[in-house]
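Participant:
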Amino acid sequence: MCWLAATVTAALAAAPGLAAHRGPEPPSLALTDRSARLLGVRQGDVIEVARTAAGPWRAFRVAEVYRPAEYPTEISRTRVDLRLHLADLEALDGAGDNVDSVVVRVRAGTRPTDVAARLNTLPLGFRAYTSDEVAAQGSSTFEVIARFHRAISVVTLLASSVFLLTIMTLRGEEMRRHVGVMRLVGISRRSVAASLLLIAAGVALAGSLAGVGLGYALSAAINLYYRRLFDTPLVFSVITWPVLAETVGLSVLIGLAAGAATAWRLLRRPAREQLGR
Amino acid sequence: MTAELPPAHAPGAVIEARDVTKDYRMPGGVVRALRGVSLDVERGRCLAILGPSGCGKSTLLHVLGGVDVPTTGAVTALGRRTAEMSDAALTRLRLRHIGFVFQRFFLLPMLTAEENVLLPMIEAGVPPGERRARARALLARVGLSARLRHHPGQLSGGEMQRVAIARALANRPQVLLADEPTGELDEATGREVGMLLREVSTEGLAVVVVTHNPEIAALADRQVRMKDGVIT
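Residue numbers (numbering that gives the first Met the number 0), protein chains in the order written: chain L, 0 to 276; chain V, 0 to 231.
1) Answer with buried or exposed for residue 226/V, where buried requires no fewer than 16 other C-beta atoms within 10 angstroms of its C-beta.
2) Is residue 4/V close to chain L? Criterion is C-beta to C-beta, closer than 7 Å.
3) Could you give the first and the last residue of the continuous beta strand (DSSP E) run that contains residue 59/L?
4) Please compile the residues from chain V whose C-beta is within a distance smaller than 7 Å of the C-beta of residue 262/L.
5) For residue 101/V, count the other beta carbons within 10 Å of its own beta carbon; 16 or more makes it buried, fewer makes it exposed. Which is it?
6) Fully enclosed by the region 86 to 134 of chain V, which alpha helix (DSSP H) runs are 4 residues long or longer?
7) From residue 56/L to residue 49/L, what distance separates their C-alpha atoms?
8) Compare the C-alpha of residue 139/V against each of 151/V, 157/V, 123/V, 162/V and name the closest.
9) Any beta carbon from chain V within less than 7 Å of residue 198/L's own beta carbon?
10) Can you tell me whether DSSP reads residue 99/L as helix, strand or coil?
11) Suppose you measure from the CA of residue 203/V to the CA of residue 196/L; what does that come to, to the nearest Å?
12) If you compare alpha carbons, which of 78/V, 45/V, 82/V is closest to residue 62/V?
13) Is the region 186 to 197 of chain V close to the region 32 to 42 of chain V, with three or more CB pairs under 8 Å?
14) Just the Cα atoms here: how many angstroms apart are residue 264/L and residue 179/L?
15) I think residue 164/L touches residue 35/L, with their Cβ atoms under 8 Å apart; what is that distance to the nearest whole Å?
16) Output yes or no for whether 7 Å exceeds the beta carbon distance between residue 93/V and residue 65/V.
17) Taking Cβ positions only, does residue 51/V come closer than 7 Å to chain L?
18) Below 6 Å CB to CB, which residues in the same chain sit around residue 68/V once its five sequence neighbours on both sides are set aside?
19) Is there a C-beta anywhere in chain L that falls below 7 Å from the one on residue 61/V?
20) Under 7 Å between C-beta atoms, does residue 242/L make it to chain V?
21) Expressed to the nearest angstrom, what Euclidean distance is found between the alpha-carbon atoms of residue 207/V and residue 46/V?
22) Taking 7 Å as the CB-CB limit, is residue 83/V close to chain L?
23) Give the straight-line distance between the Cα atoms of residue 241/L and residue 227/L, rounded to the nearest whole angstrom.
24) Would you decide whether residue 242/V is buried or exposed? Buried here means 16 or more other CB atoms lie within 10 Å of its CB.
25) Check residue 20/V in the structure and name its three-state DSSP category.
26) Alpha carbon to alpha carbon, what distance is there between residue 112/V and residue 198/L?
27) Taking just the CA atoms, how far does residue 64/L sit from residue 229/L?
28) On the DSSP bridge assignment, give the partners of residue 232/V in chain order.
29) Name the DSSP beta bridge partners of residue 28/V, please?
30) Can you name the start and end residues of the alpha helix (DSSP H) that residue 160/V belongs to?
31) Any beta carbon from chain V within less than 7 Å of residue 255/L's own beta carbon?
32) Let me confirm a value: residue 141/L is counted as buried when at least 16 other C-beta atoms fall within 10 Å, else exposed. Which label applies?
33) Do we get a CB-CB distance below 7 Å when we pair residue 190/L with the residues of chain V?
34) At 9 Å on the CB atoms, spell out the chain L contacts of residue 122/V, in chain order.
35) Indicate whether at least one CB of chain L lies closer than 7 Å to the CB of residue 138/V.
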């Protein structure tokens, strides 16, 4: 079955009571599941649709309630989406043959950019865009949000670095005497520094793994909440492997830097001073 | 790995101090902790250094053990002047030839008794099987066979000091330097530790014990007294 999409904002009357419609069978239409919920109708109900609130009203039977492909830009919209047969749409609109956009599917192996470029050389009075261009136009908001996310992640990394340095400083103070003992019993600076680096990297790795676990839990909670809120299967939060690798790698690097700073600070002092002598 | 150090140039003396002074630069000016100290530490003998707090006993011990170098004068440890040795060489000297025992034990709390004893041997490159056997033998010798897996927090003061002595003996040093080893122990336990140090010296080690305790000092073969940085 082929449906044409129409957005009817001004005039739509949900009339479940018309389910027992008398007379000739009304034409059929399809509704998105969200629109059906908004109108309070189900498959088989009859609703009335008009181009404007002044009418004329036409009865349609809801032949199908479907779940459309979701787009992030549309999840918060509360409009009602209908799909009508072309003849019914033209009759409702009263404007006759009037198309404002056409989707062209290209054959496999054909470059959409070439097709769009070729179409744009034809004097047809419209402009062709590739789906990537359309997506880019529609995702500018998300690019801004992504930049915010990047800024937040930089601030978070900076804060966690400071936190890690603080932990290492505190641990370093706690280890000052231990380092002094190790130096007195003949453990070389290199071995002590290596052990401090190992501890710092271990703390950073453990912290980042705990952070990854927390991130997964928060991500799941965010997805659960917003999917329910917007009634959508869209995924709102994703932790990708590159993000994981970047996070853990950066944490370990920061840990090593903190360990190196602590080792340098502790090992430049004589052993007897570290023992408080 | 380092080459073995040559034997002491004077028979019996493993460490010699000659006219040693040690100055510390403090905010209030220079403090002279040692003023022309001369002393021989001899193999197979136990030397006790007595004196009031602040008289320079611990400083002397650190200078003898290569933790510090003298400001003037000379300390010769196992045939080499410590002032001419690099920090790395002094570290190797301490690792292989000098054992330290401290008043507050200074065991690493995250390690078990056995691991504390193993630590210097790991650094010295003793093979795993040998170092484990040696650690167990040393802990058995100080009466702690049943405490191998215990952490310092699970041990009494006397037990911790015995672990510290086992650690100090791990690399079969020629000298054992003990800084107030009984200072944190009760009288009976302190005597036991003193006897243990005495026993170690009879096996050929040079033992130096800094102490306030005349009873512990009485266990030594020789006693020297210090006051204001000078041996009296």
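We treat Cβ as the ideally placed atom computed from N, Cα and C, and that holds for glycine.
Owing to the predicted nature of the structure, the values given are computational and were not obtained by experimental measurement.
Facilitator: Per the coordinate set shown:
1) exposed
2) Only weak support is given to the placement of residue 4/V: the predicted model assigns it a pLDDT of 42, under 50, and the question is left unresolved by the model.
3) 57 to 65
4) Simply none; closest approach about 15 Å.
5) buried
6) 86 to 96, 112 to 123
7) 5 Å
8) 162/V
9) no
10) coil
11) 39 Å
12) 82/V
13) no
14) 12 Å
15) The pair is not a contact, with the Cβ atoms about 56 Å apart (cut-off 8 Å).
16) yes
17) no
18) 81, 82
19) yes
20) no
21) 5 Å
22) no
23) 28 Å
24) This structure does not reach residue 242/V, given that chain V is present from 0 up to 231, and the question cannot be answered.
25) strand
26) 21 Å
27) 18 Å
28) The question about residue 232/V has no answer, for chain V in this structure spans 0 to 231.
29) 25/V
30) 156 to 168
31) no
32) exposed
33) yes
34) 181, 184, 185, 186, 187, 190
35) no
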